[in-house]
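Here's the structure, in structure tokens; my notes come after.
In our numbering, the protein residues as written are -17 to 292.
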């Protein structure tokens, strides 16, 4: 079953069913680079908070949409290539039925294997300089970049033992060709709704980025986030639900759960310290929260992780 056949719901299912965790790890965790054809994948509206574990290059050869990165919004109606850093807060609102192009995801671990590619990324600043992250293309330029993506796509599907060596060389060529084009559009006005959505994710990121057992999370409820943003909780909830499909409490819960998992497997803190860090003063309440959302107690999750990776 090739990775490309798995949609986000299937990936979530694999991740959460204990017997299928090895399958999840094979098809999601244990990869360095993936390439997708946009024709074969649903182009949905979404808002993606930061701290993903991969870089993304998106080539739009056909389709119309509104793309927001940080507080900059772009109306995409011409061929465009976009360079998205793992820390970028992004959103996409689809405005057309036909969508063509490619996108490529690659992790820091992949860059670690290819210092020349990492150097090229740092040199051209397409991922870090937000004024360069979106490049508008002519039809001829789009065809030229598309030909590179097709080679990357075919190479990845080939499964050849040298495929990743070839792909990283194509990625360097893609960066060079893109920087040569250098047609950087100016952002358009961002709506108040998107400002609020991005502000929420920025607050959530700020609150969870440096938590530990001496400085636990400061705010962790929908009410507290709304007050911090000077918004009514019902309004903030409605915005998140409409644009992301999940309410404020669900986003907070998922993020706290993510942080708890990281702390459990990457530190030797006591379970009490981990729970206190993410806002649970009572160990029993942390156990209930964690088991309800993962099917494991924190202790069992930590033990199973270390057994699988020993």
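Using N, Cα and C, we set each Cβ at its ideal position, and we do this for glycine too.
Just so you know, these numbers come straight off a predicted model, no measurement behind them.
If distances are taken between C-alpha atoms only, which option among the options comes closest to residue i?
| i | options | result |
| --- | --- | --- |
| residue 180 | 290, 73, 37 and 80 | 73 |
| residue 150 | 291, 16 and 44 | 16 |
| residue 83 | 129, 110, 92 and 102 | 129 |
| residue 100 | 257, 247, 112 and 153 | 153 |
| residue 279 | 290, 266, 143 and 289 | 266 |
| residue 60 | 124, 185 and 137 | 124 |
| residue 53 | 249, 236, 176 and 188 | 176 |
| residue 85 | 65, 98, 78 and 275 | 65 |
| residue 231 | 208, 135 and 161 | 208 |
| residue 268 | 214, 49 and 241 | 241 |
| residue 163 | 114, 139 and 233 | 114 |
| residue 174 | 93, 271 and 211 | 211 |
Pull up the DSSP beta-bridge partners for residue i, would you.
| i | result |
| --- | --- |
| residue 66 | 38 |
| residue 87 | 16 and 38 |
| residue 57 | 48 |
| residue 170 | 55 |
| residue 82 | 44 |
| residue 118 | 62 |
Less than 8 Å between the beta carbons of residue i and residue j, yes or no?
| i | j | result |
| --- | --- | --- |
| residue 21 | residue 47 | no |
| residue 166 | residue 103 | no |
| residue 157 | residue 108 | yes |
| residue 184 | residue 51 | no |
| residue 135 | residue 19 | yes |
| residue 187 | residue 201 | no |
| residue 137 | residue 80 | no |
| residue 245 | residue 259 | yes |
| residue 67 | residue 118 | no |
| residue 199 | residue 261 | yes |
| residue 41 | residue 58 | no |
| residue 88 | residue 14 | yes |
| residue 127 | residue 178 | no |
| residue 237 | residue 275 | no |
| residue 228 | residue 215 | no |
| residue 170 | residue 56 | yes |
Do the region 271 to 283 and the region 215 to 231 meet, that is, are 3 or more Cβ pairs less than 8 Å apart? No, they do not touch.
Write down every uninterrupted run of the alpha helix (DSSP H) in the region 188 to 231 whose length is 4 residues or greater and which is fully enclosed by it, in chain order. DSSP runs (the alpha helix (DSSP H)) wholly in the region 188 to 231: 204 to 210 and 215 to 226.
The region 191 to 210 / the region 234 to 254 touching (three or more Cβ pairs under 8 Å): Result yes; three or more Cβ-Cβ pairs closer than 8 Å.
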